[in-house]
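Participant: Residue numbers (full-length UniProt numbering): 1 to 231.
Sharing a structure, written as structure tokens. Questions coming.
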């Protein structure tokens, strides 16, 4: 027998042996395996049904309601846009509560928070901003900036600085990163945290030299270098 034929026979014998063992295994554990795959199939079907008949329709409904609320918001009808009253109009607060697991429901918290902030209800605004969640970096930056502004109004500038810094770091666009970095620096200055303020201003000056054409940041840097003895 040639070496090639011998190797072929050896491979076939191995496959036959493996197949035989697999057959015996399936015969022995047919019932539990059947139950396992039955449960797995039911779980998959359950997910598909839930996703297609619950999640998707809810997302569509929430998105439609958001369009109406956003139109009211753009028209300056913030009371109606916020909703939550007896007018029968479903506004941001209703969407946030009733569709909390949808993207529109989460975004509604941001809108509702901005309305409460403008009304001077800073704690309510903060609570709503904290509920908002998104994977979009710029939306997260807006969230952190809004939280920081709420903390400022609530006389908690230390936490405000932390969130303003997070907003600057999270932003993916130079203009918004510069904006939040500058606000963080000004907050630090208001607390006489001059070294921290210098760090914020120096960072945005180095990273975004083309954003500030007025020379304002350079002026802050020189002033703070003098104040901290680093000139």
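Glycine included, C-beta positions come from ideal geometry on N, C-alpha and C.
1) Taking 7 Å as the threshold (C-beta atoms), are residue 144 and residue 132 in contact?
2) Can you tell me the Cα-Cα spacing of residue 105 and residue 207, whole angstroms?
3) Please work out which residues of its chain come closer than 7 Å, Cβ to Cβ, to residue 62, disregarding the five sequence neighbours upstream and downstream, and give them in chain order.
4) What alpha helix (DSSP H) runs, 4 residues minimum, are completely inside the segment 146-225?
5) Looking only at its own chain, which residues have a Cβ that is under 8 Å from the Cβ of residue 146, when we skip the five neighbours before and after it?
6) May I ask you to report which of helix, strand or coil DSSP gives residue 109?
7) So for residue 231, helix, strand or coil by DSSP?
8) Is the beta carbon of residue 168 sitting closer than 7 Å to the one on residue 185?
9) Helix, strand or coil, according to DSSP, for residue 116 in the structure here?
10) In its own chain, which residues sit with a C-beta less than 7 Å from the C-beta of residue 80, not counting the 5 before and 5 after it?
11) Would you check if the distance between the CB atom of residue 191 and the CB atom of residue 160 is smaller than 7 Å?
12) Going by the CB atoms, is the gap between residue 174 and residue 211 shorter than 7 Å?
13) Work out the CA separation of residue 172 and residue 216 for me, nearest whole Å.
14) Alpha carbon to alpha carbon, what distance is there between residue 83 and residue 193?
15) Which residue wins for smallest C-alpha separation from residue 121, given the options 176, 227, 151, 107?
16) Along the chain, where does the alpha helix (DSSP H) containing residue 82 start, and where does it finish?
17) If you draw a straight line from the alpha carbon of residue 230 to that of residue 205, how long is it in whole angstroms?
18) Apply the 10 Å Cβ neighbour rule to residue 195 and answer buried if 16 or more other Cβ atoms are within range, or exposed otherwise.
Facilitator: Reading off the structure:
1) Here residue 132 is taken as the residue at index 132 of the chain shown, counted from 1. Here residue 144 is taken as the residue at index 144 of the chain shown, counted from 1. No, the Cβ-Cβ distance between residue 132 and residue 144 is not below 7 Å.
2) Looking up residue 105 in the chain shown gives position 105. Looking up residue 207 in the chain shown gives position 207. Whole-angstrom Cα-Cα distance: 35 Å.
3) Taking the first residue of the chain shown as 1, we reach residue 62 at position 62. Result list for residue 62: 95, 99, 102, 104, 105, in chain order.
4) Secondary structure in the segment 146-225: the alpha helix (DSSP H) runs of 4 residues or longer, each lying completely within the stretch, are 157-170, 174-190, 194-207 in chain order.
5) What you label residue 146 is simply residue 146 of the chain shown in a count that begins at 1. So the list reads 110, 113, 114, 117, 125, 129, once near-sequence residues are dropped.
6) Stepping through the chain shown from its first residue, residue 109 is reached at position 109. In the structure shown, residue 109 sits in a helix (DSSP, three-state: H, G or I).
7) Residue mapping note: residue 231 aligns to position 231 of the chain shown, counting from 1. In the structure shown, residue 231 sits in coil (DSSP, three-state: anything other than H, G, I, E or B).
8) As a working note, residue 168 is residue 168 in the chain shown. As a working note, residue 185 is residue 185 in the chain shown. Remark: C-beta atoms of residue 168 and residue 185 do not approach each other more closely than 7 Å.
9) Taking the first residue of the chain shown as position 1, residue 116 is located at position 116. The answer is helix: DSSP assigns residue 116 an H, G or I state.
10) For this step, residue 80 is matched to residue 80 along the chain shown. Result list for residue 80: 72, 87, 89, 91, in chain order.
11) Numbered from 1 along the chain shown, position 191 holds the residue referred to as residue 191. Numbered from 1 along the chain shown, position 160 holds the residue referred to as residue 160. Result no, Cβ atoms of residue 191 and residue 160 do not sit closer than 7 Å.
12) Working through the chain shown from its first residue, we reach residue 211 at position 211. Working through the chain shown from its first residue, we reach residue 174 at position 174. In this structure, residue 211 sits near residue 174, with a CB-CB distance shorter than 7 Å.
13) Taking the chain shown and counting its residues from 1, one reaches residue 216 at position 216. Taking the chain shown and counting its residues from 1, one reaches residue 172 at position 172. Residue 216 and residue 172: Cα-Cα distance of roughly 22 Å.
14) The sequence position of residue 193 within the chain shown is 193, counting from 1. The sequence position of residue 83 within the chain shown is 83, counting from 1. About 41 Å.
15) Reading the chain shown from its first residue, position 121 is the one you call residue 121. Minimum Cα distance to residue 121 is reached at 151.
16) Position 82 of the chain shown holds residue 82. If you look at residue 82, you'll find it in the alpha helix (DSSP H) that goes 78-82.
17) Along the chain shown, read from residue 1 onward, the residue named residue 230 stands at position 230. Along the chain shown, read from residue 1 onward, the residue named residue 205 stands at position 205. Whole-angstrom Cα-Cα distance: 17 Å.
18) Locating residue 195 in the chain shown gives position 195, counting from the first residue. Counting Cβ neighbours within 10 Å, residue 195 comes out exposed, since fewer than 16 surround it.
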